[in-house]
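Notes follow the structure.
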Amino acid sequence: MLEVRSLTKRFGGLSAVKEVTATFETGRINAIIGPNGAGKTTFFNLISGFHRPTSGRITLEGRDVTGLRPDRMAALGVGRTFQTTSLFDQATVLDNLIVGHKLRTQSTFWDVMTNSARLRADERACRAKAEEVLDFVGLAPIANRLAADISQEERKRIAFALALATDPKIVLLDEPAGGVNPEETVGLANLIRKMVRSGITVCLIEHKMDMIMSLADRIVVLDHGEKIAEGTPAQIRANPKVIEAYLGADYAAA
Amino acid sequence: MNIFFQQFLNGLTLGSVYALVALGLTLVYGILHIPNFAHGALYMVGAYVAFFLARSVGLNYWVAMAGAAAAVAVIAVLSDRLIFHQLRHAPPLHDMIAAIGLLLFLEAGVQAIWGAEFHRLQPPYPQIVRMFDLIAPAQRLIIIGAAFGLMILLHLFLTRTMMGSTIIAMAQNRDGASLVGIDATKVSILTFAISGALAAIAATLFAPINLIYPAMGNLVIMKAFVIIILGGMGSIPGAILGGMVIGFAESFGAFYVSTDYKDIIAFALLVLILSFRPQGLFPSGAR
Amino acid sequence: MTPLQKGLLAALAAGALVFPFVAANDYYIYVMSLAYIMAIAAVGLNLILGYTGQLNLAHAGFMAIGAYTVGILTVDYGWPYWATFVLAGILAGVFGLAAGLLSLRLKTHYFSIFTLCVGFIIYLIIEKADGLTHGTVGISAIPAPTGIGPVQFNSTVPQYYLVFAFLCLSLFVMSRIVNSLLGRSFVAIRNSEELAETLGINLMRTKVLAFVISTIYAGLAGALYAGFVRFLGPDLAREHHTFDMLAFILIGGIGTLFGPVLGAILLTWLTQSLQFLEDYRMIVFGPLLILLVMYFPQGIVGFYRTQQARRAAAAPAPERSARPARVEEARVNA
Chain L
1 MLEVRSLTKR
11 FGGLSAVKEV
21 TATFETGRIN
31 AIIGPNGAGK
41 TTFFNLISGF
51 HRPTSGRITL
61 EGRDVTGLRP
71 DRMAALGVGR
81 TFQTTSLFDQ
91 ATVLDNLIVG
101 HKLRTQSTFW
111 DVMTNSARLR
121 ADERACRAKA
131 EEVLDFVGLA
141 PIANRLAADI
151 SQEERKRIAF
161 ALALATDPKI
171 VLLDEPAGGV
181 NPEETVGLAN
191 LIRKMVRSGI
201 TVCLIEHKMD
211 MIMSLADRIV
221 VLDHGEKIAE
231 GTPAQIRANP
241 KVIEAYLGAD
251 YAAA
Chain S
1001 MNIFFQQFLN
1011 GLTLGSVYAL
1021 VALGLTLVYG
1031 ILHIPNFAHG
1041 ALYMVGAYVA
1051 FFLARSVGLN
1061 YWVAMAGAAA
1071 AVAVIAVLSD
1081 RLIFHQLRHA
1091 PPLHDMIAAI
1101 GLLLFLEAGV
1111 QAIWGAEFHR
1121 LQPPYPQIVR
1131 MFDLIAPAQR
1141 LIIIGAAFGL
1151 MILLHLFLTR
1161 TMMGSTIIAM
1171 AQNRDGASLV
1181 GIDATKVSIL
1191 TFAISGALAA
1201 IAATLFAPIN
1211 LIYPAMGNLV
1221 IMKAFVIIIL
1231 GGMGSIPGAI
1241 LGGMVIGFAE
1251 SFGAFYVSTD
1261 YKDIIAFALL
1271 VLILSFRPQG
1281 LFPSGAR
Chain F
2001 MTPLQKGLLA
2011 ALAAGALVFP
2021 FVAANDYYIY
2031 VMSLAYIMAI
2041 AAVGLNLILG
2051 YTGQLNLAHA
2061 GFMAIGAYTV
2071 GILTVDYGWP
2081 YWATFVLAGI
2091 LAGVFGLAAG
2101 LLSLRLKTHY
2111 FSIFTLCVGF
2121 IIYLIIEKAD
2131 GLTHGTVGIS
2141 AIPAPTGIGP
2151 VQFNSTVPQY
2161 YLVFAFLCLS
2171 LFVMSRIVNS
2181 LLGRSFVAIR
2191 NSEELAETLG
2201 INLMRTKVLA
2211 FVISTIYAGL
2221 AGALYAGFVR
2231 FLGPDLAREH
2241 HTFDMLAFIL
2251 IGGIGTLFGP
2261 VLGAILLTWL
2271 TQSLQFLEDY
2281 RMIVFGPLLI
2291 LLVMYFPQGI
2301 VGFYRTQQAR
2311 RAAAAPAPER
2321 SARPARVEEA
2331 RVNA
């Protein structure tokens, strides 16, 4: 599904990501882990179009997408969440999700001015999609709650829903379980499995080892911008380079 | 030759004033990430306080300048503690709106007290200095001398004293600085105080060869922003260099091209450069 | 809209229609009309500022472009008013496009500083190019809008209704925009530009669109201003007019449809009734802006909307079939 080859990003003299080559297979849960500062978020930024690679290639379903802008990547099916989700606090939860599907609509400015049938159909479609994804993440009951009034875990689910509303092929989740307690973490992990079952490829960055080990099909380990290991959870757990990179610091974190 | 020298002197004078104002602004923006739109108003208040102290209280020019610097430093610090500090977690929009509110208040306040007419501050040494066969009004030489002196002082303060290095530390890495126990409050207060003092001094230096009126800060603040965007946020050499460039460009532009449109030079430069490099000439790495 | 909101709107409209008959004298009608014109401009500014989150400080400059288009073409070239009116909107939009393309790549602070400079450039050019703009002398004796059919617009009351009609039209168009998917993309940009991009929103294109629409509003408000006040000076382009509109928007409710209108009317009347305050209104406005932005950033309408949305959310969760009505209501809250 998604392939990166010798992906490199340099900021001035510093290499945040160095010659990383990896493949993310369709329908799998791929995890990217590594100590702080390893370049994981920069890596996500490269794949989703927020940074231009200094060198290297990104291929999505066989198509070269290196250097495309984030909104183009979204149109091609790359969804993404961020560590902090900015919602429109003064609107309802459902309201927040409606704009998620807009990229799949065709209405132009003239449709807006004339309130054409096409615009109304598009708005109905976006609203329906918003309801659908809200239901998918299990939050239909809070559809009319103000976004300012929901909990952190609910916020994370809404972030998922927003990404899902774009009808993505692959979703990049940046610390989806950040700031969430162990019980809620399990719930989010189940939601991720549900997403994969519905045909979406998932790629996530996480620090919670328990979650990663039980959830991921494949893990890529980054350290100082380089890929130091790749494999199944069992392989990674036993890999001496990985253990050394972490020096046991993060194992207790989850 | 004399004419060229006059323009050169003019450019240096203007550049010095702009550099001082831009220095204050760049410290606040670079270290605290606050675009203080009210900085021009601080400049203006500085001139008025100096004017008041010199005219109504009858103090000597230099004492009046010191008084103005102190007064504006206090206003600047108050505006930080009461307003900007409270807004540190709000969206950046709120910072700017609050600064605008402050600017409006200061301008209106000054106008209420001293009226909207133009005032004149007497120069301490109205003579003309004659060197070789070049003539220079003494005030301009004073401005240039004082400005450079201040810049050297500031540089020494920032690099040689303990207090100064904490400011530099904050500018380079905010979180790191607080982790090693640098008091962010002290740095904020100091930074604002310095920026206010610099603005007031610049205004008092410039006032004798210009007029004092409530809107005098408007143009200056815009040019100061242009300077720090071009010279780099938080960069002291950038502010000084940028100030000089604009000062010279305006001086020569006014004389050799057009007096009417000289003010546009700074803005045209901004438009030009930001069109090609939206992040400014020297984007700050620490952000 | 809820029945209550519809009723309120009808009552306000009725009040506005009846106003000239209950007003004490022509002067009050004049003031109200001026408030409506500033409201139109403020509604435009609110699109780029309140909905899209970009603080454009050149707004008064674009209003001046519209006003001067009318002034120059009618007084110096004898053009009919309505032709110049349309051209005012077009020119303001064209300059807006140019300025927008240049400035909207800049983020937050840089954008505002840049637009502050653009506004100043507009002012300077108007002041200095006196061959074209009459410079500091200004343009006077601008004709009132030409009559339409039997109705003439050279006295206070017909002008009031003309301006009111335009206010209603501009609100109607703006409501179409902000309640549509396009409006939602503006809000998405305000919330987080990065998040908006991951949702497939083209930042530059969307921001420029909002910017151009707002400058067209400013230009047309300026054109109305020219035909109404019938005198123009370069001062119209100065930033303190933009600051005025900023105050209208903040008090009334930033990012709401009616907020700017409420703010414009409220503040215009406030300064009128406190006449002695006219010169010193910034002593009050200034701290007012600061206090608003610190403690009451939503403004009056924003506050009301949030309370209303909270009350609606507290109501029992609707079953699937009832949902369409509920989300209709939620739709208007944006």
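Chains as they are written, first to last, in the numbering used here: chain L, 1 to 254; chain S, 1001 to 1287; chain F, 2001 to 2334. Backbone N, C-alpha and C fix where the C-beta goes; we use that ideal spot for every residue, glycine too.
Practice problem: Take every Cβ of the segment 2256-2264 of chain F, pair it with every Cβ of the segment 1085-1105 of chain S, and state whether three or more of those distances are shorter than 8 Å. | Solution: With the cut-off at 8 Å, the segment 2256-2264 of chain F and the segment 1085-1105 of chain S do not touch.
Quiz prompt | Length of the line joining the Cα atoms of Tyr-1018(S) and Arg-1130(S) | solution = Within the second sequence, numbered from 1, the residue matching residue 1018(S) stands at position 18. Within the second sequence, numbered from 1, the residue matching residue 1130(S) stands at position 130. Roughly 26 Å between the two C-alpha positions.
Exercise. Consider the Cβ of Thr-92(L): report whether some Cβ of chain F lies at a distance smaller than 8 Å.
Key: If you number the first sequence from 1, residue 92(L) lands on position 92. For Thr-92(L), the answer is yes, since a Cβ of chain F falls inside 8 Å of its Cβ.
Quiz item: What distance in whole Å lies between the Cβ atoms of Met-1096(S) and Pro-1214(S), which are believed to be in contact at a cut-off of 8 Å?
Solution: To locate residue 1214(S), count along the second sequence from 1; it is residue 214. To locate residue 1096(S), count along the second sequence from 1; it is residue 96. Contact doesn't hold; Cβ gap of about 21 Å is too wide.
Quiz item: Which bits of chain S does Met-2038(F) rub up against, with CB to CB less than 9 Å?
Solution: Reading the third sequence from its first residue, position 38 is the one you call residue 2038(F). Per Cβ cutoff of 9 Å: no residues; Met-2038(F) is ~17 Å from chain S at best.
Quiz prompt | Where the beta strand (DSSP E) through Ile-228(L) begins and ends | solution = Taking the first sequence and counting its residues from 1, one reaches residue 228(L) at position 228. Counting along the chain, the beta strand (DSSP E) containing Ile-228(L) begins and ends at 226-231.
Quiz item: For Tyr-2304(F) and chain S, any beta-carbon pair shorter than 8 Å?
Solution: For the purposes of this step, residue 2304(F) is taken as the residue at position 304 of the third sequence. No - not a single Cβ of chain S is within 8 Å of the one on Tyr-2304(F).
Quiz item: How long is the line joining the alpha carbons of Arg-124(L) and Leu-1025(S), rounded to whole angstroms?
Solution: Locating residue 124(L) in the first sequence gives position 124, counting from the first residue. Locating residue 1025(S) in the second sequence gives position 25, counting from the first residue. Each residue's alpha carbon lies about 50 Å from the other.
Practice problem: Count the CB pairs spanning the segment 1158-1168 of chain S and the segment 226-240 of chain L that are closer than 8 Å, and state whether there are at least three. | Solution: no
Quiz item: Can you find a CB in chain L that lies within less than 8 Å of the CB of Val-2187(F)?
Solution: The residue given as residue 2187(F) occupies position 187 in the third sequence. By this cut-off, Val-2187(F) is an interface position.
Quiz item: Which whole runs of the beta strand (DSSP E) in the segment 171-229 of chain L are 3 residues long or more, in chain order?
Solution: Here the runs fully enclosed are 201-205, 218-223.
Quiz prompt | Per-residue contacts from Leu-162(L) into chain F (C-beta, under 8 Å) | solution = As a first step, residue 162(L) is located in the first sequence; it is residue number 162 there, counting from the start. Ordered by position in chain F, the residues that pass the 8 Å Cβ test against Leu-162(L) are Leu-2195, Leu-2199.
Practice problem: Return no unless some Cβ of chain L is closer than 8 Å to the Cβ of Ile-2177(F). | Solution: Here residue 2177(F) refers to the residue found at position 177 of the third sequence. At least one chain L Cβ lies under 8 Å of Ile-2177(F).
Practice problem: Would you decide whether Gly-2131(F) is buried or exposed? Buried here means 16 or more other CB atoms lie within 10 Å of its CB. | Solution: What you label residue 2131(F) is simply residue 131 of the third sequence in a count that begins at 1. Gly-2131(F) is exposed by the Cβ-count criterion.
Self-check item: Span of the alpha helix (DSSP H), counted from its first residue to its last, around Ser-1188(S)
Solution: Start at 1 with the first residue of the second sequence, and residue 1188(S) comes out as number 188. Secondary structure note for Ser-1188(S): its alpha helix (DSSP H) is the uninterrupted segment 1184-1206.
Quiz item: How is Glu-19(L) classed by DSSP in three states: helix, strand or coil?
Solution: Here residue 19(L) refers to the residue found at position 19 when the first sequence is read from its first residue. Strand at Glu-19(L).
Quiz item: In the DSSP assignment, what residue or residues form a beta bridge with Val-78(L)?
Solution: One-based indexing of the first sequence puts residue 78(L) at position 78. Paired residue(s): Ile-170(L).
Quiz prompt | C-beta atoms of Glu-175(L) and Glu-206(L) nearer than 8 Å | solution = Within the first sequence, the letter at position 175 stands for residue 175(L). Within the first sequence, the letter at position 206 stands for residue 206(L). The answer is yes: Cβ separation under 8 Å.
Practice problem: For His-1119(S), write down the residues that DSSP places opposite it in a beta bridge. | Solution: Position 119 of the second sequence, counted from the first residue, corresponds to residue 1119(S). Ile-1212(S), per the DSSP bridge assignment.
Quiz prompt | Where Arg-5(L) falls: helix, strand or coil (DSSP) | solution = By 1-based counting over the first sequence, the position of residue 5(L) is 5. Note: Arg-5(L) maps to strand in three-state DSSP.
Quiz item: Are the C-beta atoms of His-233(L) and some chain F residue less than 8 Å apart?
Solution: Within the first sequence, residue 233(L) is the residue found at index 233, counting from 1. This sequence places Pro at residue 233(L); His is not what is there. It does not: the Cβ of Pro-233(L) has no partner Cβ on chain F nearer than 8 Å.
Quiz item: Helix or strand or just coil, what does DSSP make of Met-1233(S)?
Solution: Residue numbering aside, residue 1233(S) sits at position 233 when the second sequence is read from its first letter. Met-1233(S) falls in the coil class under three-state DSSP.
Practice problem: Flag Lys-1973(F) as yes if its beta-carbon sits less than 8 Å from any beta-carbon of chain S, otherwise no. | Solution: As displayed, chain F neither begins before 2001 nor continues past 2334, which places residue 1973(F) out of reach and without an answer.
Practice problem: Specify, as a first and last residue, the run of the beta strand (DSSP E) that Leu-1134(S) falls within. | Solution: Here residue 1134(S) refers to the residue found at position 134 of the second sequence. From DSSP, the beta strand (DSSP E) with Leu-1134(S) extends over 1134-1137.
Practice problem: Return no unless some Cβ of chain F is closer than 8 Å to the Cβ of Pro-53(L). | Solution: Position 53 of the first sequence, counting from 1, holds the residue named residue 53(L). Pro-53(L) does not count as touching chain F.
Quiz item: Is the CB-CB distance between Pro-168(L) and Val-99(L) below 8 Å?
Solution: Position 168 of the first sequence, counted from the start, is the residue given in the question as residue 168(L). Position 99 of the first sequence, counted from the start, is the residue given in the question as residue 99(L). Going by C-beta atoms, Pro-168(L) is not nearer than 8 Å to Val-99(L).
Quiz item: Taking 8 Å as the CB-CB limit, is Tyr-2051(F) close to chain S?
Solution: Residue mapping note: residue 2051(F) aligns to position 51 of the third sequence, counting from 1. No, its Cβ sits nowhere closer than 8 Å to a Cβ of chain S.
Practice problem: Sort out for me which residues DSSP pairs Leu-2232(F) with in a bridge. | Solution: Looking up residue 2232(F) in the third sequence gives position 232. Answer is Ile-2139(F), bridged to Leu-2232(F).
Quiz item: Between Arg-120(L), Gly-231(L), Glu-226(L), Thr-81(L), which lies nearest to Leu-14(L) when the distance is taken from Cα to Cα?
Solution: Here residue 14(L) is taken as the residue at index 14 of the first sequence, counted from 1. The alpha carbon of Leu-14(L) has as its nearest neighbour, out of Arg-120(L), Gly-231(L), Glu-226(L), Thr-81(L), the alpha carbon of Glu-226(L).
Quiz item: What separation, rounded to the nearest whole angstrom, lies between the Cα atoms of Ala-2067(F) and Phe-2085(F)?
Solution: Numbered from its first residue, the third sequence carries residue 2067(F) at position 67. Numbered from its first residue, the third sequence carries residue 2085(F) at position 85. C-alpha separation (whole angstroms): 9 Å.
Self-check item: Separation of Ala-128(L) from Lys-2006(F), as counted between CA atoms
Solution: For this step, residue 2006(F) is matched to residue 6 along the third sequence. For this step, residue 128(L) is matched to residue 128 along the first sequence. If you draw a straight line from the Cα of Lys-2006(F) to the Cα of Ala-128(L), it comes to about 26 Å.
Quiz item: Among Leu-1150(S), Gln-1007(S), Phe-1008(S), Gly-1030(S), which has the Cα closest to the Cα of Phe-1192(S)?
Solution: Position 192 of the second sequence, counting from 1, holds the residue named residue 1192(S). Closest option to Phe-1192(S), Cα to Cα, is Gly-1030(S).
Quiz item: In chain F, which residues lie less than 7 Å from Glu-1107(S) when you measure between Cβ atoms?
Solution: As a first step, residue 1107(S) must be located in the second sequence, where it is residue number 107. What Glu-1107(S) touches in chain F: Met-2282.
Self-check item: For Ser-2112(F), the nearest candidate out of Phe-2243(F), Thr-2133(F), Phe-2285(F) (CA to CA)
Solution: As a working note, residue 2112(F) is residue 112 in the third sequence. When each option's Cα is compared against that of Ser-2112(F), the closest is Phe-2243(F).
Quiz item: For Glu-230(L) and chain F, any beta-carbon pair shorter than 8 Å?
Solution: Numbered from 1 along the first sequence, position 230 holds the residue referred to as residue 230(L). Not closer than 8 Å to any Cβ of chain F, the Cβ of Glu-230(L) fails to qualify, so no.
Practice problem: Determine, using beta carbons only, whether Arg-2310(F) comes closer than 8 Å to chain L. | Solution: To locate residue 2310(F), count along the third sequence from 1; it is residue 310. Yes - at least one Cβ of chain L is within 8 Å of the one on Arg-2310(F).
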